[in-house]
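Protein chains in written order, with UniProt numbering: chain A, 1 to 151; chain B, 1 to 767. The beta-carbon is built from N, C-alpha and C at its ideal position, and this holds for glycine as well. Computed from a predicted model, the values in this text were never measured in an experiment. Notes to accompany the following structure.
Quick look at the structure:
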């Protein structure tokens with residue numbers, strides 16, 4: 001925690017956090033046709049965590065289990081690599097895109113490109129990287145020990 | 001064939017994962033796989049003239065594929081591997097307690113058997129190399145099974161390094177063959193009968209690989225160390241199967257290269273020294289298992305001579321003796337294991353009266369030892385007679401080298417008999433000055449049954465030597481068409497027999513008289529010492545190089561890196577033709593110009609500010625200004641990314657700044673500082689100049705157009721930038737995110753390490 005907690009930031013975080021996360025997912029998937037994509041989406045989600053961190057809401061306490069950054073990094077990398085390798089099994093080249101289209105009643109045509117899944121891997125990895133930097137560089141030694149005693 | 005190999009790996013994987021808590025179940029499954037392999041191999045061997053080929057396309061683009069060829073020789077080897085595998089695995093059921101280590105043993109063991117079967121079935125050198133390396137790795141894991149023991153780890157590492165170095169030689173040889181001849185297939189090599197300097201070098205490299213694997217001098221020293229592994233592992237990998245890989249390779253290659261003088265001399269000298277050295281060392285070993293290990297080294301030298309000398313008759317002798325050795329040596333190891341299990345000691349100086357208390361094991365082991373000593377009517381006698389008979393005539397065929405080989409083999413054979421006698425005397429004999437050893441419990445059925453089978457096999461094969469010999473006809477002729485031979489229980493009185501009788505008599509006398517407690521003088525130079533000093537030298541050398549190149553000064557790193565950058569840039573600026581600046585545009589719009597000026601001003605201020613905090617904010621400002629430039633060029637993706645990265649980096653920067661003093665310190669003054677400034681400015685100037693030039697020297701058309709047209713139909717998206725990232729250049733992205741992940745983990749670890757080191761000091765609260 002840096003300095004005293006700011007009420008404005010705490011309140012803003014409470015409302016903004018879910019919204020920003022939602023936006024980041026949207027940006028990630030829209031990336032295929034409009035500005036956006038996994039990298040940008042991941043950074044936006046990272047920004048949500050930054051607000052949370054600056055507001056003084058502990059990242060390592062309540063969220064500790066859900067927010068293990070290395071899990072994000074690992075999961076992201078696995079998703080990306082697996083998506084890249086799957087086409088090989090079908091005799092295509094690495095990272096060859098498959099395009100699936102469905103007609104969903106009331107919504108119309110829904111299109112999913114396999115590379116979106118690759119992008120999702122990038123998204124998770126970037127979140128993990130931002131979280132990891134926040135946690136490792138952001139935590140100062142004294143604060144760490146306090147947390148350690150609480151848990 | 002592939003199905004059977006995969007069955008090995010599936011059971012092995014299961015043993016290491018889902019069946020981890022039930023090693024006995026996986027061992028039984030493993031035995032089933034071995035039995036299935038035996039049946040299938042026998043079936044194939046009978047129905048298809050003993051030749052069956054399969055290939056498996058591995059990486060088609062690189063022309064890599066795995067070729068397996070089941071000829072008679074491979075059939076024999078697979079049978080040895082599977083039969084001994086099943087017996088040793090059954091033995092291990094009684095030998096180990098069913099715990100987690102046993103689960104690992106079982107898994108590695110079955111996987112090893114699969115890999116080894118693949119190795120002996122390999123139809124070309126490349127395939128063999130792949131399996132070869134896998135056996136090295138599995139042997140490493142099995143020697144180091146008791147990973148809590150430092151000795152086991154060191155031995156495992158030694159075996160891995162020596163055989164790994166040999167593997168590299170082999171790979172170099174394989175590459176040379178491939179480049180020079182376009183093939184590594186044994187058959188095609190034999191058909192081509194290639195000659196030439198390159199081929200000779202390649203053959204020698206391959207031979208060196210074989211030497212390391214089969215523990216030939218001067219690479220023999222890793223094998224005794226490998227005895228740190230549990231006895232079933234030693235019995236299987238380090239006497240019966242893996243160490244035979246080099247012999248297999250030599251047997252396959254010597255019909256092709258045996259006529260090369262250098263090949264023949266290397267094989268005979270290395271094998272001969274190995275045979276004698278191993279025999280001498282065995283005479284000084286006091287640990288029964290170590291004695292067997294040295295005897296294995298000695299026997300491998302013998303086999304190496306026979307397999308590598310390139311005389312058809314010797315090839316036949318190599319094949320039969322290989323089988324004989326696998327059978328008697330496995331039996332000997334297993335009986336030592338049984339004694340060890342029952343008495344708790346393998347020291348031949350203190351074991352006493354074991355023979356009386358465990359008569360069955362003693363009789364069986366004596367039979368096998370007699371086979372090792374080459375005493376009539378055992379299998380080892382027939383094979384040794386054959387070898388002697390061939391080598392006595394070798395002089396006519398290959399000249400002096402044949403006589404050298406004969407001399408080595410005779411001395412080696414004397415030692416063989418001597419250490420066989422020493423073994424039996426030491427393990428099972430009753431010593432006057434020792435209290436009788438206490439046998440805790442009688443060996444269980446499974447500990448004895450495999451020994452019964454193996455020892456009786458040595459006896460039966462010896463008694464029916466003639467029929468046994470016929471079984472190996474096809475095996476040997478597969479390797480070399482003229483390699484025919486006969487075995488006999490009683491060859492008649494001839495030179496070989498007379499030599500043999502003298503050898504056995506002298507050997508037995510030495511073995512009987514030689515004191516059991518004899519310890520060898522420490523030799524000034526041993527393979528082990530050379531290995532250790534080499535290893536030490538490499539370690540200290542690399543430490544020195546690291547200290548020199550990675551001296552820990554950030555400034556040095558930056559100067560070196562940037563220095564190289566501007567040196568190369570200046571070189572290309574000086575040598576390349578300079579482009580024209582005719583159609584250079586200063587700025588597209590006044591706004592663009594303004595933003596660039598802002599960038600320059602902000603950067604300028606950064607260099608003069610004294611506060612780190614201010615500098616960080618100003619750099620952030622530069623970043624945002626660049627984002628505006630991206631946006632002005634119509635690149636929303638880039639602009640968006642730049643803004644986000646800049647924001648996050650700024651926050652992280654500020655987090656780091658808390659740990660640093662708020663003002664920059666000027667540690668460097670005077671001329672050093674001037675030099676620093678000159679260097680920095682010139683880096684900036686050169687890079688800027690280069691960017692300018694590069695921007696104006698495009699000749700090839702831009703790939704942009706093509707990407708735009710391909711984006712929607714092939715990538716399924718309208719955002720070209722994104723399609724490039726995740727599809728067209730997706731591999732780049734994959735590399736980049738990997739780098740990102742590694743860098744982030746590295747930073748986190750560095751920070752955590754620094755924090756841990758600082759922790760004892762941190763008491764003062766920052767609030």
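Collapsed DSSP secondary structure at residue i in the structure displayed
{"i": "residue 768 (chain B)", "result": "The first residue shown for chain B is 1 and the last is 767, placing residue 768 (chain B) beyond what the model contains."}
{"i": "residue 124 (chain B)", "result": "strand"}
{"i": "residue 124 (chain A)", "result": "helix"}
{"i": "residue 217 (chain B)", "result": "coil"}
{"i": "residue 384 (chain B)", "result": "helix"}
{"i": "residue 529 (chain B)", "result": "helix"}
{"i": "residue 664 (chain B)", "result": "coil"}
{"i": "residue 611 (chain B)", "result": "strand"}
{"i": "residue 56 (chain B)", "result": "strand"}
{"i": "residue 585 (chain B)", "result": "coil"}
{"i": "residue 345 (chain B)", "result": "coil"}
{"i": "residue 51 (chain B)", "result": "coil"}
{"i": "residue 605 (chain B)", "result": "helix"}
{"i": "residue 645 (chain B)", "result": "helix"}
{"i": "residue 243 (chain B)", "result": "coil"}
{"i": "residue 113 (chain A)", "result": "strand"}
{"i": "residue 67 (chain B)", "result": "strand"}
{"i": "residue 185 (chain B)", "result": "strand"}
{"i": "residue 456 (chain B)", "result": "helix"}
{"i": "residue 679 (chain B)", "result": "helix"}
{"i": "residue 252 (chain B)", "result": "helix"}
Beta-carbon neighbours of residue i, restricted to chain B and to distances below 8 Å
{"i": "residue 73 (chain A)", "result": "741, 744, 745"}
{"i": "residue 115 (chain A)", "result": "715, 716, 717, 723, 726, 727, 730"}
Residues of its chain near residue i, where Cβ-Cβ distance is below 6 Å and the 5 sequence neighbours each way are ignored
{"i": "residue 417 (chain B)", "result": "373, 504, 507, 508"}
{"i": "residue 402 (chain B)", "result": "394, 395"}
{"i": "residue 12 (chain B)", "result": "107, 110, 111"}
{"i": "residue 355 (chain B)", "result": "362, 428"}
{"i": "residue 486 (chain B)", "result": "469"}
{"i": "residue 282 (chain B)", "result": "291, 294, 295, 419"}
Per-residue contacts from residue i into chain B (C-beta, under 7 Å)
{"i": "residue 119 (chain A)", "result": "726"}
{"i": "residue 46 (chain A)", "result": "648"}
{"i": "residue 7 (chain A)", "result": "Chain B residues near residue 7 (chain A): none, gap ~19 Å exceeds 7 Å."}
{"i": "residue 80 (chain A)", "result": "734, 737"}
{"i": "residue 125 (chain A)", "result": "737, 740, 741"}
Residues near residue i in its chain [Cβ-Cβ closer than 7 Å; skip 5 each side]
{"i": "residue 724 (chain B)", "result": "707"}
{"i": "residue 660 (chain B)", "result": "612"}
{"i": "residue 480 (chain B)", "result": "255, 312, 315"}
Chain-ordered neighbours of residue i on chain A, where CB pairs are closer than 7 Å
{"i": "residue 640 (chain B)", "result": "35, 40"}
{"i": "residue 738 (chain B)", "result": "77"}
{"i": "residue 748 (chain B)", "result": "132, 136"}
{"i": "residue 636 (chain B)", "result": "35"}
Residues near residue i by beta carbon distance below 8 Å, same chain, minus five either side
{"i": "residue 768 (chain B)", "result": "An answer regarding residue 768 (chain B) cannot be provided, because it is not within the stretch 1 to 767 covered by chain B."}
{"i": "residue 718 (chain B)", "result": "711, 712"}
Listed by chain order, chain A residues near residue i by CB distance under 8 Å
{"i": "residue 615 (chain B)", "result": "The contacting residues do not exist; residue 615 (chain B) stays about 18 Å from chain A at best."}
{"i": "residue 751 (chain B)", "result": "136, 137"}
Proximity test, residue i beta-carbon vs the ligand SAM heavy atom, cut-off 6 Å
{"i": "residue 394 (chain B)", "result": "Among the ligands in the structure shown, none appear at all, so the ligand SAM cannot be discussed."}
Within chain B, the residues that residue i reaches when beta carbons sit closer than 9 Å
{"i": "residue 50 (chain A)", "result": "647, 648, 651, 652"}
Short-range partners of chain B found in the region 17 to 36 of chain A, where Cβ spacing is below 8 Å: 31, 32, 33, 34, 35, 36
Selection of the region 644 to 655 of chain B by Cβ proximity to chain A, strictly under 8 Å: 644, 645, 647, 648, 651, 652, 655
Meets three-Cβ-pair contact criterion under 8 Å: the region 180 to 200 of chain B and the region 138 to 157 of chain B: no
The region 117 to 124 of chain B contacting the region 364 to 372 of chain B, beta-carbon criterion three pairs below 8 Å: no
Sufficient close CB pairs (3 or more, under 8 Å) joining the region 322 to 337 of chain B to the region 282 to 295 of chain B: yes
Inter-stretch contact at 8 Å, needing at least 3 Cβ pairs: the region 119 to 132 of chain A / the region 66 to 80 of chain A: yes
Touching by the beta-carbon criterion (3+ pairs, under 8 Å), the region 233 to 246 of chain B and the region 71 to 91 of chain B: yes
Meets three-Cβ-pair contact criterion under 8 Å: the region 551 to 567 of chain B and the region 668 to 684 of chain B: yes
Segment contact flag, the region 465 to 480 of chain B with the region 65 to 76 of chain B, C-beta cutoff 8 Å, min 3 pairs: yes
Any 3 or more C-beta pairs closer than 8 Å across the region 538 to 557 of chain B and the region 444 to 461 of chain B: no
The region 12 to 22 of chain A / the region 613 to 629 of chain B touching (three or more Cβ pairs under 8 Å): no
Three CB pairs or more closer than 8 Å across the region 486 to 501 of chain B and the region 78 to 85 of chain B: no
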